[in-house]
Amino acid sequence: LKESCPELTPFVKRNIYGDWSIDFFDPAAVKMLNNALLLHYYKIDYWDIPQDYLCPPIPGRADYIHHVADLMTHTNKKLLKGKIPTGSKITCLDIGVGANCVYPIIGCAEYGWSFIGSDIDKMALKSAEKIIDLNASLKGKVELRWQSNPRNTFKGIIQKNEYIDISICNPPFYDSAEEAQSQKLRKLKNLKDGLAPKPVFNFGGQNKELWTEGGEAAFVKNMIYQSKACSTSCFWYSALISKESNLSRIYQILNNAEAVDIKTIPMAQGNKVSRIVAWTFLTPKQQQVWIETRWK
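Going from the sequence shown to our numbering is simple: count from 1 and add 261.
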């Protein structure tokens, strides 16, 4: 990584175990590590985010993309014969694309998909637009859309006669800014043997990126009901669920919304355990037609 991105070198030091690493409590170090990873693995020429915006861990974002690619493959093994649908005809909708634009970067590089990235934050979209404009590999493959109503997810974004193959979302996790702050301090205390530094998010994050009224469960509940209203416009809807205790409620809401199929895909990076919940409203016949016309 240092060879691909020499600017990373000053941040790489031996940790207490004698291994080469960076200080993950240093936002500048984390940001430069992301730069190096995106340059080395995804051939990105330019990547940057404004101060105080979410600087996501790249491996976790890559896992989400690879898992939903596998989900599409296993939707109908007989028709697809284990082949992942690739190319620009496949469209992925990223709800909350953020200033970092990381999901589209990975999906375009790995599978050649087209992306629609939505967000309620115009500043975040401006940052994502700059990333797209300064990377030839993203130009013409990622379209950004502003969500004017913070209460909406799909309404106003998915357009008439538009077809989305997979929708992804990493929902705001916390119920309030206070909860986000206290949970972060608790984690830092555990990591620093009780010596908590000032309350800084090492992966950054604006309020709207980290918390929403009602937390993760309320956000996903709204997603499900809005997805029902455009049930035949998207094959697979999905959301990353961090809190396991939210699952039973989410399953109940999906059953009430009459989802035809529901999948739960476990994910784990380091000490963090989460899962993807995916759902579709398409009948088996509708799924077959979709696969034959768009994925083969």
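C-beta: ideal position from N, C-alpha, C; glycine also.
I need the DSSP call for residue i, collapsed to helix, strand or coil.
i      : result
Glu423 : coil
Leu386 : helix
Leu449 : Annotation note: pLDDT 49 at Leu449 (below 50); position unreliable, coordinate value reported separately. Helix.
Trp556 : helix
Val291 : helix
Ala478 : helix
Leu515 : helix
Asp324 : helix
Leu269 : helix
Val534 : strand
Ser494 : coil
Arg406 : strand
Leu299 : helix
Thr347 : coil
Ser244 : No statement about residue 244 is possible, as the shown extent of the chain runs from 262 to 557 and does not include it.
Gln548 : helix
Ile310 : coil
Glu264 : coil
Val521 : coil
Ser398 : coil
Lys489 : helix
Thr414 : coil
Asn337 : coil
Ile393 : helix
Cys369 : helix
Asn361 : coil
Leu543 : coil
What's the gap between the Cα of residue i and the Cα of residue j?
i      : j      : result
Gly455 : Phe286 : The pLDDT assigned to Gly455 is 45, lower than 50, so where the model puts this residue is not dependable, and the model offers no usable value.
Leu405 : Val534 : 30 Å
Asp280 : Phe272 : 13 Å
Thr352 : Ile377 : 7 Å
Asp313 : Ala370 : 26 Å
Arg555 : Ile418 : 21 Å
Ser561 : Tyr302 : Coverage of the chain is limited to positions 262 through 557, which leaves residue 561 absent and any answer about it impossible.
Glu474 : Pro433 : 9 Å
Lys299 : Ile319 : Note on residue identity: the sequence assigns Leu, not Lys, to residue 299. Near 8 Å, if we compare the C-alpha coordinates of Ile319 and Leu299.
Gln530 : Asn296 : 19 Å
Ala441 : Val550 : Here the model assigns Ala441 a pLDDT of 48, short of 50, so the residue's position is not dependable and the matter cannot be decided.
Gly401 : Tyr278 : 45 Å
Asn507 : Gly476 : 10 Å
Asn431 : Cys316 : 13 Å
Ala397 : Leu294 : 22 Å
Pro225 : Ala289 : Nothing about residue 225 can be reported from this structure: the residues present for the chain run from 262 to 557 only.
Gln420 : Cys491 : 10 Å
Leu332 : Ala500 : 13 Å
Ile552 : Asp284 : 45 Å
Pro267 : Val291 : 15 Å
Asn532 : His327 : 20 Å
Mind checking who residue i pairs with in its DSSP beta bridge?
i      : result
Lys274 : Ser282
Ile526 : Ile537
Asp380 : Trp407
Leu354 : Ile377 and Ser428
Excluding five sequence neighbours on each side, which residues of the same chain lie with their C-beta closer than 8 Å to the C-beta of residue i?
i      : result
Thr347 : Tyr372, Gly373 and Trp374
Trp407 : Ser379, Asp380, Ile381, Lys383 and Leu386
Gln487 : Asn413, Thr414, Phe415 and Lys416
Arg275 : Trp281 and Ser282
Within a Cβ cutoff of 6 Å, which residues of the same chain sit near residue i, ignoring the five residues on either side of it in sequence?
i      : result
Arg510 : Ala478
Glu393 : According to the sequence shown, residue 393 is Ile rather than Glu. If we look at Ile393 and ignore the five residues flanking it on each side, its Cβ neighbours are Leu399 and Val403.
Lys263 : Leu269 and Thr270
Ala323 : Ile367
Lys489 : Ala518
Thr525 : Arg536 and Val538
Lys504 : Glu477
Leu354 : Ile377, Ile425 and Ser428
For residue i, collect the residues of the same chain with a Cβ closer than 7 Å to its Cβ; drop the 5 residues on either side in sequence, then sort them by chain order.
i      : result
Gly343 : Thr334
Lys527 : Contrary to the premise, residue 527 reads as Pro rather than Lys in this sequence. These residues qualify, in order along the chain: Arg536.
Ala330 : Ile345 and Tyr372
For a cutoff of 7 Å on Cβ pairs, would you count residue i as touching chain C?
i      : result
Cys369 : Included in the structure is just one protein chain, with no chain C present.
Taking one C-beta from the region 409-417 and one from the region 475-488 each time, how about it: are there three or more such pairs within less than 8 Å? Below 8 Å, enough C-beta pairs join the region 409-417 and the region 475-488 to call them touching: three or more.
Three-pair Cβ contact test at 8 Å for the region 356-365 versus the region 337-344: Verdict: no, contact absent.
Stretch-stretch touch, CB-based, cutoff 8 Å, three pairs: the region 541-550 with the region 516-529: These segments touch.
The region 421-436 contacting the region 490-500, beta-carbon criterion three pairs below 8 Å: In this structure the region 421-436 touches the region 490-500; the number of beta carbon pairs closer than 8 Å is three or more.
Taking 8 Å as the threshold, find out whether the region 377-387 comes into contact with the region 341-361 through three or more Cβ pairs. Under the 8 Å Cβ criterion, the region 377-387 counts as touching the region 341-361, having at least three qualifying pairs.
When the Cβ atoms of the region 293-309 are set against those of the region 365-374, are three or more pairs found closer than 8 Å? Under the 8 Å Cβ criterion, the region 293-309 counts as touching the region 365-374, having at least three qualifying pairs.
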